[in-house]
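**Q** Would you mind keeping the following structure in view while I ask a few things?
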Amino acid sequence: PLGAMYIAAFLRKEGVNAKVVDCVADNLDPSDVMNMIAQEKPAHVGFSAMTCQLHDSIEIAKRIKAQYPEIMTICGGPHIASTHEELYQFTDVFDVLLDGEGEQTVLDLLGGKPKEHIPYLIWKDGDTVRKNVPGNFIEDLDKLPFPDLADIRLDHYHSAYTPTQTFTRMMATRGCPFK
Numbered sequence: 020p021l022g023a024m025y026i027a028a029f030l031r032k033e034g035v036n037a038k039v040v041d042c043v044a045d046n047l048d049p050s051d052v053m054n055m056i057a058q059e060k061p062a063h064v065g066f067s068a069m070t071c072q073l074h075d076s077i078e079i080a081k082r083i084k085a086q087y088p089e090i091m092t093i094c095g096g097p098h099i100a101s102t103h104e105e106l107y108q109f110t111d112v113f114d115v116l117l118d119g120e121g122e123q124t125v126l127d128l129l130g131g132k133p134k135e136h137i138p139y140l141i142w143k144d145g146d147t148v149r150k151n152v153p154g155n156f157i158e159d160l161d162k163l164p165f166p167d168l169a170d171i172r173l174d175h176y177h178s179a180y181t182p183t184q185t186f187t188r189m190m191a192t193r194g195c196p197f198k
């Protein structure tokens, strides 16, 4: 969850509490996540979803909205970057979609900035889908804090080729590699 770890590190640098949970690496099912939410009582829950993970993200968001409708659900990641607002044709369990760089966008959203003034944001206003203009890319990536590894267990990352050794992949670019 490299993108989520970047966002968490940025939020923490700005004094905002953030936690990253990797459901895949930690083998968590929706019930496990709901137990965590019951214990921690967050005001916001964000999802970084690839297309292959979208079904599980929707299922968890449905459960969150059914049990805790006051929690803001945010979805970003590669699926949203490639399909944009299309997800709203199938579900409305996410309060906002994030279609671009997330660090400042999430900080602005959590800080209460009006949705219509936050770049990269997509949301529903009644039956109307609103899509904000993209913002400017972060020019100097060295100003971002390194991804925060505090919340993940590196020993949970393996490969079929190295089942007894810690293994993970790294993206050398930001955003969708096909754009």
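Quick note, the sequence shown lines up with residues 20 to 198 if you use our numbering. We treat Cβ as the ideally placed atom computed from N, Cα and C, and that holds for glycine.
Please classify I137: does DSSP put it in a helix, a strand, or coil?
**A** If DSSP states are grouped into helix, strand and coil, I137 belongs with coil.
**Q** In whole angstroms, what is the alpha-carbon distance linking N36 and Y180?
**A** Going by the C-alpha atoms only, they are around 36 Å apart.
**Q** Helix, strand or coil for K162? Go by DSSP, reduced to three states.
**A** Of the three classes helix, strand and coil, the one that applies to K162 here is helix, per DSSP.
**Q** Near M24, which residues of its chain fall below 6 Å by C-beta distance, leaving aside the five closest residues on each side in sequence?
**A** Only V39, P166 and D167 meet the Cβ criterion.
**Q** Under the rule that 16 or more other beta-carbon atoms within 10 Å means buried, what is P88, buried or exposed?
**A** P88 comes out exposed.
**Q** Should P110 be labelled buried (16 or more other beta-carbon atoms within 10 Å of its own) or exposed?
**A** Before going further, note that residue 110 is Thr rather than Pro in the sequence given. Under this definition T110 is an exposed residue.
**Q** Using the three-state DSSP reduction, which class does L106 fall into: helix, strand or coil?
**A** In this structure, L106 counts as helix in the three-state DSSP scheme.
**Q** Nearest-angstrom Cα distance between C42 and K143?
**A** Straight-line Cα distance between these residues: approximately 27 Å.
**Q** For H98, I'd like the list of residues in its chain whose CB is within less than 7 Å of its CB, leaving aside the five on either flank, ordered along the chain.
**A** Result list for H98: A68, M69, T70 and L73, in chain order.
**Q** Taking the alpha carbon of G96 as the reference point, which residue from S178, G22 and Q184 has its own alpha carbon closest?
**A** Cα-wise, what sits closest to G96 is G22.
**Q** Have a look at I77 and V112 and give me their C-alpha separation to the nearest angstrom.
**A** Answer to the nearest angstrom: the Cα atoms are 7 Å apart.
**Q** Among the residues of its own chain, which have a CB less than 6 Å from the CB of V115, if the five just before and after it don't count?
**A** Cβ within range, chain order: I93, L140 and W142.
**Q** Helix, strand or coil for V64 per DSSP?
**A** Three-state result, V64: strand.
**Q** If you draw a straight line from the alpha carbon of E158 to that of P133, how long is it in whole angstroms?
**A** Taking the straight line from one Cα to the other gives about 24 Å.
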